[in-house]
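Counted from 1, the sequence shown has number 245 at position 245 by my numbering; the numbering is strictly sequential.
The next block holds one structure in the form of structure tokens; read it before the comments.
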Amino acid sequence: MAEAVAKEAKRRRIDDAVSSDGATEETQSETAVTSPVEPKNPGWVIQAWNCDASASDIVRHSRGIEQMYDAARQIGRCSSEYPDQTRALTYGVIFRGFDAENRPDYISNYYSEDVEARMVFLIWDRYFPELEDHLPYLAANPALILHLGNYVSFVAGKVRSDDLGRLNLGIISYSLLDDPNNILKRHSNRGFDDSRTGRLLCPVRYLKEFEADPARLCSLFRNHHPDWKLFSYDFPSFMSDLSLVDPDDREAGFLRGPLLVTYYKAIFCGRSSVYGEACSRGQQSLVVKYGMTEVNLHSIVYTTLLARSALGSDAVWRDGDGYHWQAASFLHAVMDLAHKSPSWSRDTIAWWNKQIFGTEDGNDSETERELEESDYYKILAQRAARNRSPNPLISQSPVEEDEEAEQPEDL
């Protein structure tokens, strides 16, 4: 990919150097030799090259790279450690300014490398300081792309370890599991070694059998029985709202699990948000620190992977579990489902935004039904019932063109 950037940058410089048809050969010769691309902020380049994932807090402060380090951590949370960060940054550099229909990701009907690269680059663009201003410079300096890509990849693994450590401490409480003897405090007692955590990890398709005989199913999963495989394409029950689960509709309730929302809040909004407590003075939540205004799908999967590990019996992070489960494949499976159904993806993200930020679409059907129960519409309905008036004005709300402005903001 670095070679691709160099070729693309060269092509763009050559294209820019070519004059119009009426230009003279002398002018063409002069413009073909272009000066190197200058960075908009030379200090940004120095800081970017100074990025070192192993640097201490003191070193980061002395080098002035704290903001870039914080950005790298957030990129890791909002994309996970599995996407190729160098490829994502390269993709954004090459296709900067391209119309959507002219990018390879636009025509892909599955979650391809191009689709992933585009999605992850948008996360870079959202959080990495001054990135947009320096895309032309990066195009002419592919070595810096490689350096930053490797930097973020390394930091992504580190932030996962930090977040997992914090989630490990509270996962049993967050999961509302009754554990009076603190048996589940010991990590080795979790997972399929205990039916309480085992039920949360059990895929929805096996829940009926699990409920009938939890001990037996736990033993089968724990010992990787060949007839009871757990694939990367199986989703733990905590990912779904089990009250909505329909045997004939596997999509019902998927990715809307109340516990999954709780885990997400614990990571991104802070422990106090889980228990509905007022924010205490101290370290800012990630939502506040990074100015997050919406949830993205990668961060939901990131949370899922952390929760799966925290609920499991392994005290350390593992990319694989048994013979048929890999974290990277799990991520791809969820993202592919979302990419193949844009409407489902939009609805899911809208639902998540409502859970995390309290935002919602004021025109959704549920809100409309609630609005019909308001005093205003009830009075109109009662008048219409009493008078049976043919006058259409009775059944119309005043100033229809300003209807949205008149409705309450929080419905």
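Using N, Cα and C, we set each Cβ at its ideal position, and we do this for glycine too.
If you're wondering where the values come from, they're calculated on a predicted model, not measured in any experiment.
Item, Value
"Start-to-end residues for the alpha helix (DSSP H) that takes in residue 69", "66-79"
"Cβ neighbour criterion (16 or more within 10 Å) applied to residue 383", "exposed"
"Inter-residue spacing [alpha-carbon to alpha-carbon] between residue 151 and residue 141", "16 Å"
"Length-filtered (4 minimum) alpha helix (DSSP H) runs lying within the stretch 313-369", "327-340 and 342-357"
"Distance between residue 310 and residue 218 (C-alpha atoms, nearest Å)", "17 Å"
"Beta-carbon proximity list for residue 134, same chain, < 7 Å, skipping 5 on both sides", "39, 40 and 44"
"According to DSSP, residues forming a beta bridge with residue 254", "240"
"The stretch 160-175 contacting the stretch 102-114, beta-carbon criterion three pairs below 8 Å", "no"
"When 376, 302 and 385 are compared against residue 82, the one with the closest alpha-carbon", "302"
"From 63, 71, 174 and 62, residue whose alpha carbon lies closest to that of residue 415", "What is shown of the chain runs 1 to 411, which leaves residue 415 out entirely."
"Span separating the alpha-carbon of residue 294 from that of residue 348", "12 Å"
"In chain order, each alpha helix (DSSP H) run of at least 4 residues that lies wholly inside the stretch 181-223", "195-201, 207-212 and 214-222"
"Which residues DSSP lists as bridging residue 249, in chain order", "246"
"Neighbourhood of residue 262 by C-beta, 7 Å cutoff - its chain only, sequence neighbours within 5 removed", "174 and 274"
"Residue 383 - DSSP class collapsed to helix/strand/coil", "helix"
"Buried or exposed by the 16-neighbour rule on C-beta atoms within 10 Å, applied to residue 98", "exposed"
"Cβ-based neighbour list, residue 338, same chain, cut-off 6 Å, excluding 5 preceding and 5 following", "297 and 345"
"Buried/exposed call for residue 225, threshold 16 Cβ in 10 Å", "exposed"
"Start-to-end residues for the alpha helix (DSSP H) that takes in residue 50", "42-50"
"Extent of the continuous alpha helix (DSSP H) run through residue 121", "113-127"
"Outcome for residue 116 when other beta-carbon atoms lying within 10 angstroms are tallied against a minimum of 16", "buried"
"Of the listed residues 199, 223 and 222, nearest to residue 212 (C-alpha basis)", "199"
"Start and end residues, alpha helix (DSSP H) containing residue 306", "297-311"
"Own chain partners of residue 196 with C-beta closer than 6 Å, once the 5 adjacent residues on each side are dropped", "177"
"Inter-residue CB distance, residue 240 and residue 287 (contact presumed, cutoff 8 Å)", "Not really, about 24 Å apart at Cβ, beyond 8 Å."
"Which of helix, strand or coil DSSP assigns to residue 89", "helix"
"Delimiting residues of the alpha helix (DSSP H) encompassing residue 267", "Residue 267 -> no alpha helix (DSSP H), and no H or E assigned at all."
"Distance, residue 233 Cα to residue 69 Cα", "33 Å"
"Cβ pair count under 8 Å reaching 3, the stretch 122-136 against the stretch 59-78", "yes"
"Cβ-Cβ distance between residue 187 and residue 327 below 8 Å", "no"
"Alpha-carbon to alpha-carbon, residue 220 and residue 236", "16 Å"
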